[in-house]
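Here is the structure we will look at, set down as structure tokens.
There are 2 protein chains.
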Amino acid sequence: MNVMTGGKLKLVQAALKLATETRSLTSLGLRELAREAGLNPNTFYRHFKNLDDLGLQVLGYIAAEMKTGVRQLRMVAESSEQAATTTVTFVYNYFLENPAATTVAVRELYGSSPLLRRALANQLDTSAREMAEDLMQQGLIPRRLPEQTVREISHMTIRYILFRAMDYIEKPDQRDAIRAETERFINRQFRGATLDQLSNEEFEALTAALEQNG
Amino acid sequence: MNVMTGGKLKLVQAALKLATETRSLTSLGLRELAREAGLNPNTFYRHFKNLDDLGLQVLGYIAAEMKTGVRQLRMVAESSEQAATTTVTFVYNYFLENPAATTVAVRELYGSSPLLRRALANQLDTSAREMAEDLMQQGLIPRRLPEQTVREISHMTIRYILFRAMDYIEKPDQRDAIRAETERFINRQFRGATLDQLSNEEFEALTAALEQNG
DNA sequence: GCGTCAGGTATACGGTTGTATACCTTAATG
DNA sequence: CATTAAGGTATACAACCGTATACCTGACGC
Numbered sequence: 755m756n757v758m759t760g761g762k763l764k765l766v767q768a769a770l771k772l773a774t775e776t777r778s779l780t781s782l783g784l785r786e787l788a789r790e791a792g793l794n795p796n797t798f799y800r801h802f803k804n805l806d807d808l809g810l811q812v813l814g815y816i817a818a819e820m821k822t823g824v825r826q827l828r829m830v831a832e833s834s835e836q837a838a839t840t841t842v843t844f845v846y847n848y849f850l851e852n853p854a855a856t857t858v859a860v861r862e863l864y865g866s867s868p869l870l871r872r873a874l875a876n877q878l879d880t881s882a883r884e885m886a887e888d889l890m891q892q893g894l895i896p897r898r899l900p901e902q903t904v905r906e907i908s909h910m911t912i913r914y915i916l917f918r919a920m921d922y923i924e925k926p927d928q929r930d931a932i933r934a935e936t937e938r939f940i941n942r943q944f945r946g947a948t949l950d951q952l953s954n955e956e957f958e959a960l961t962a963a964l965e966q967n968g
Numbered sequence: 755m756n757v758m759t760g761g762k763l764k765l766v767q768a769a770l771k772l773a774t775e776t777r778s779l780t781s782l783g784l785r786e787l788a789r790e791a792g793l794n795p796n797t798f799y800r801h802f803k804n805l806d807d808l809g810l811q812v813l814g815y816i817a818a819e820m821k822t823g824v825r826q827l828r829m830v831a832e833s834s835e836q837a838a839t840t841t842v843t844f845v846y847n848y849f850l851e852n853p854a855a856t857t858v859a860v861r862e863l864y865g866s867s868p869l870l871r872r873a874l875a876n877q878l879d880t881s882a883r884e885m886a887e888d889l890m891q892q893g894l895i896p897r898r899l900p901e902q903t904v905r906e907i908s909h910m911t912i913r914y915i916l917f918r919a920m921d922y923i924e925k926p927d928q929r930d931a932i933r934a935e936t937e938r939f940i941n942r943q944f945r946g947a948t949l950d951q952l953s954n955e956e957f958e959a960l961t962a963a964l965e966q967n968g
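What follows is the structure in structure tokens.
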């Protein structure tokens, strides 16, 4: 039912390509799309009501692509031991294999179309919730962290990785550094969160003790 | 010399307004700008070579605005005691008072113009460096954190706050929550970083001990 | 075998766009 | 006072845009 074929698929893929290479999704032209897809301009109206409609359907296409990617990702993560490193690697690899979708998501998350923004934010929230579930199920997280804290950190991390993925895609020579930096980010968030209840004095006492014990 | 007056200023402000309300900076039209500014379309060419040139000058205008804002910010921060909370508050207030510039910055940081992206990234790097200097000077940071770690966290934080500022601007009822969340973000990063050298075993031993001592 | 309908095409129209050229006003400069 | 330059305007043009209407083709159900 929602599998796209023929001209419609061509138009959506053309939109992804053009949105990545030249402009934002919301500023694409109908004739421009048809030209890229090798179709007559009016064919557009056979599949979409207007350009906003196209934007939403492109987002749906991206979401569907992402969902299969995330499912694969979860299976790999479950069969792994040191899941922090491998998870980060696989998430970035996933973005790397879907550069157009990633770019569009980044550009439209705070873009000018409220409709697209809302849809994308919901998508990210879902991903964050799933990520939090996975992390807790796998026991990757200090056990006594409140669920809400885990969700909050997952939410921040998803957004952080999404934006960082743009650099990851475009700067191959920095990929190792970006992965390492992201792991530090995650570890610091979760480790730091275990100290949430400590006052400044307690925390300073702790670090002083740590420094002594070496 | 670089103070803008008359028609040029009108055009730049029109660009900021339109980029915020309707579209991305790089997709604005020349006649659209002139209409908004109440000028003849061809007046544009008296001040700018083309639309890319306009984009760069708008960025310069934003950077100048930001610089005075940050200077005020630093003065306030120096005279304050609990600088973490007040700094976050003032940074968000600053973005709140410059919504157009903030929106443009967010949209173009990963937008389609490499020129604008590079300029914005440099601007953010400078801000991160200054933030790191300030934080270390004020002694707000666990003393033995390596300078590079402080810079890295500052870099992450600047970006995090910039994007979060979009929600801060648009959702007044969530502002308290966003500020609190940002403080947690910063505290967790810096506190977590003090534990960077600990192995997983050492860290778990630490948390177990903390749990006992209450 | 005939109607129906989805998908693709051709042509056309009014409006907008970026840009070129030429003209006008104002202020400063010699 | 004449010249020059900056800033703003008017008109014009070719290109492109979104959209409307009409036409063509093949596959399908009855």
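The listed protein sequences derive, respectively, from chains A and B. The working numbering numbers the first residue of the first sequence as 755 and each following residue consecutively. The working numbering numbers the first residue of the second sequence as 755 and each following residue consecutively. Quick reminder that beta carbons are idealized off the backbone N, C-alpha and C, glycines included.
**Message:** Classify A/Lys-803: buried if its beta carbon has 16 or more other beta carbons within 10 angstroms, exposed otherwise.
**Reply:** exposed
**Request:** Closer than 7 Å by beta-carbon distance: list the chain A residues that pair up with B/Ser-866, in chain order.
**Result:** Simply Thr-776, Arg-777 and Ser-778.
**Own chain, CB closer than 8 Å to A/Asn-794, minus 5 neighbours either side, in chain order** = Ala-788
**Message:** Between B/Asn-941 and chain A, is any beta-carbon pair separated by less than 9 Å?
**Reply:** Taking Cβ atoms only, chain A reaches closer than 9 Å to B/Asn-941, which makes this a yes.
**Under the three-state DSSP convention, the category B/Gly-865 falls into** = coil
**Asked** With 16 other CB atoms within 10 Å as the buried threshold, where does B/Arg-913 fall?
**Response** buried
**Prompt:** Looking only at C-alpha atoms, which of B/Arg-929, B/Leu-805 and B/Arg-785 sits nearest to B/Asn-796?
**Reply:** B/Arg-785
**Asked** In terms of residues, what are the limits of the alpha helix (DSSP H) holding A/Leu-960?
**Response** 954-967
**B/Gly-809, DSSP secondary structure in three states** = helix
**Asked** When the cut-off is 9 Å and only beta carbons count, does B/Tyr-922 lie next to chain A?
**Response** no
**Request:** Run the CB neighbour count on A/Asn-967, radius 10 Å, all protein chains shown included, and call it buried at 16 or more, exposed below.
**Result:** exposed
**Asked** If we ignore side chains and look at the alpha-carbon of each, how far apart do A/Thr-911 and B/Leu-850 end up?
**Response** 24 Å
**Prompt:** Based on Cα-Cα distance, which residue from B/Leu-813, B/Leu-916 and B/Gln-826 lies nearest to A/Tyr-864?
**Reply:** Ranking B/Leu-813, B/Leu-916 and B/Gln-826 by Cα distance to A/Tyr-864 puts B/Leu-916 first.
**Asked** Would you say B/Leu-890 reaches chain A, if we count a Cβ-Cβ gap shorter than 9 Å as a contact?
**Response** According to the sequence displayed, residue 890 of chain B carries Met and not Leu. B/Met-890 does not count as touching chain A.
**Request:** Identify the contact partners of A/Val-860 in chain B, using a Cβ-Cβ distance below 8 Å as the criterion.
**Result:** For A/Val-860, the chain B residues whose Cβ falls inside 8 Å of its Cβ are Tyr-864, in order along the chain.
**Request:** Output the residue ranges of the alpha helix (DSSP H) runs that lie fully inside the stretch 756-822 of chain B and measure 4 residues or longer, sorted by chain position.
**Result:** 760-775, 784-791 and 798-801
**Item:** Exposure of B/Ser-866, with buried meaning 16 or more beta-carbon neighbours within 10 Å
**Value:** buried
**Item:** Simplified DSSP state of B/Gln-951, which is helix, strand or coil
**Value:** coil
**Asked** In terms of residue numbering, what span does the alpha helix (DSSP H) encompassing B/Arg-905 cover?
**Response** 901-924
**Asked** Going by Cα to Cα distance, which pick from A/Phe-844, A/Arg-898, A/Thr-961 and A/Phe-798 is closest to B/Leu-952?
**Response** Measuring from the Cα of B/Leu-952, the nearest candidate turns out to be A/Thr-961.
**Any C-beta of chain A under 9 Å from that of B/Leu-763** = no
**Request:** Would you verify that the beta carbon of A/Phe-972 is, or is not, closer than 9 Å to some beta carbon of chain B?
**Result:** With chain A covering only 755 through 968, there is no way to say anything about residue 972 of chain A.
**Request:** Quick one: list the residues of chain A neighbouring B/Leu-949, beta-carbon separation under 7 Å, in chain order.
**Result:** Arg-945
**Request:** Taking A/Ser-781 as the query, report the chain B residues whose CB atoms sit under 8 Å from its CB, ordered along the chain.
**Result:** Arg-777, Ser-778 and Ser-781
**Asked** So which residues on chain B does A/Phe-917 lean against when the C-beta distance must stay under 8 Å?
**Response** Correct list: Tyr-864, Arg-913 and Phe-917.
**Item:** Sub-9 Å separation of A/Gly-946 and B/Asn-852 beta-carbons
**Value:** Not closer than 9 Å, so no.
**Prompt:** Does DSSP classify A/Asn-876 as helix, strand or coil?
**Reply:** Helix.
**Request:** Could you say if the stretch 872-886 of chain B and the stretch 922-941 of chain B meet the contact criterion of at least three C-beta pairs nearer than 8 Å?
**Result:** no
**Message:** Within a Cβ cutoff of 8 Å, which residues of the same chain sit near B/Lys-764, ignoring the five residues on either side of it in sequence?
**Reply:** Ala-791, Gly-792 and Leu-793
**Prompt:** If we ignore side chains and look at the alpha-carbon of each, how far apart do A/Gln-811 and B/Ala-963 end up?
**Reply:** Each residue's Cα considered, the two are about 53 Å apart.
**Asked** Residues of chain B with a CB under 7 Å from the CB of A/Thr-961: which are they?
**Response** Pro-896 and Thr-948
**Request:** Please list, in chain order, all residues of the same chain as A/Ser-834 whose beta carbon is under 7 Å from its beta carbon, the five residues on each side excluded.
**Result:** Note on A/Ser-834: pLDDT 48, under 50, position unreliable in the model; no value is reported.
**Prompt:** Could you give the distance in angstroms between the alpha-carbon of B/Asp-888 and the alpha-carbon of A/Glu-955?
**Reply:** 22 Å
**Prompt:** With a CB to CB cut of under 8 Å and the five nearest residues on each side skipped, what residues in its chain are close to B/Arg-861?
**Reply:** Ala-773, Ser-778 and Leu-779
**Message:** Within 10 Å of its beta-carbon, does A/Thr-856 have 16 or more other beta-carbons around it, so buried, or fewer, so exposed?
**Reply:** buried
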